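First comes the structure, then the notes that go with it.
Numbering (UniProt numbering), first residue to last: 1 to 360.
What follows is the structure, encoded as structure tokens:
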């Protein structure tokens with residue numbers, strides 16, 4: 001057992017605090033990681049607000065990079081001193097998706113068996129099975145992906161969730177290819193990741209949609225060729241106008257609301273693809289004429305974690321960043337201390353940052 005300073009959400013809607021926790025020595029298949037950097041993701045705020053479940057107290061943080069400090073029995077994936085990015089999809093290799101050669105859909109992903117705890121013995125629920133707003137965290141070995149140790153931790157940590165979800169929504173789920181037209185609705189971290197992914201894939205026209213002029217400026221830095229302020233224009237009409245009246249080949253909804261989903265549905269070309277990567281809340285419903293669903297053809301796809309395979313995608317995207325072909329550093333708005341997470345949530349809600357990153 002080892003002590004660690006960590007950010008814990010004690011109850012629904014209550015401010016987070018920095019406390020001392022106990023991190024167990026790794027057991028079979030487990031790894032203890034010394035965290036070097038962890039991004040502040042909107043999912044962490046959902047946990048704090050009780051929007052995921054009520055299993056408080058939560059150990060927040062999941063977009064993380066660090067160094068393997070200790071490994072448990074049977075661990076072969078990583079070794080001590082390896083530089084890793086953490087992921088929340090440690091594929092099992094044995095579920096029906098894995099057996100069919102589709103491990104990015106794994107239905108039985110692995111997490112550490114032991115619980116990290118408050119000093120009074122109260123078990124902590126780690127966000128997305130990681131809990132990395134902590135000097136050290138305990139994860140399953142499959143949640144660790146080795147990447148180039150020369151990469152900057154504060155930058156590549158963001159591959160652990162939002163950036164990967166966005167890039168993967170374009171490349172893996174949307175299958176964007178050279179010459180395609182792509183529209184992305186919502187230009188936060190995930191949306192800008194989708195824009196960067198579309199640019200990487202060779203899309204000819206990339207249309208960014210948001211209501212915040214600042215976010216539209218950020219989108220242009222990631223490769224958007226056109227921008228639409230949805231507060232001032234009809235999103236569907238503008239996307240059609242920019243695509244010869246046809247609609248985009250791929251439209252990515254990075255917001256996840258009924259209104260944006262409907263816009264994405266009608267803003268795509270006939271036989272085009274709609275990708276939903278923004279996460280809706282349980283009460284949301286969508287109603288569309290079934291004849292339109294049939295008549296427009298194409299595909300409506302949900303993107304889970306960008307349909308990524310961490311062992312394949314994290315090293316590749318890290319290499320692209322190191323080569324100057326993927327501007328991951330532009331996602332980092334600021335580097336903060338562990339006790340500044342609560343203020344980072346406020347900045348996120350005000351739309352002032354793409355990502356605040358806790359640096360240890």
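In this text, a Cβ means the ideal position worked out from N, Cα and C, and glycines have one as well.
Note that the structure is predicted; figures quoted are calculated from it, not measured.
Check	Outcome
Check whether residue 31 and residue 141 have beta carbons under 8 Å apart	yes
Residue 283 burial status per 10 Å Cβ neighbour count (16 or more: buried)	exposed
Nearest candidate by alpha-carbon position, reference residue 181, set 38, 89, 83 and 199	199
Completely contained beta strand (DSSP E) runs for the region 209-262, where each covers 3 or more residues	226-229 and 248-253
Where the alpha helix (DSSP H) containing residue 192 begins and where it ends	189-201
CA-to-CA distance, residue 207 to residue 101, given in whole angstroms	33 Å
Three-state secondary structure assigned by DSSP to residue 179	coil
Start and end residues, beta strand (DSSP E) containing residue 83	83-86
Opening and closing residue of the beta strand (DSSP E) in which residue 3 lies	2-9
Inter-residue spacing [alpha-carbon to alpha-carbon] between residue 2 and residue 163	31 Å
Selection from 356, 340 and 83 that minimises the alpha carbon distance to residue 329	356
Opening and closing residue of the beta strand (DSSP E) in which residue 140 lies	136-140
Contact between the region 85-97 and the region 62-75 (3+ Cβ pairs under 8 Å)	yes
Neighbourhood of residue 50 by C-beta distance below 6 Å, restricted to the same chain and skipping five residues each side	12
Rounded distance between the beta-carbons of residue 261 and residue 276, thought under 8 Å	6 Å
Residues near residue 144 in its chain [Cβ-Cβ closer than 6 Å; skip 5 each side]	31, 78 and 84
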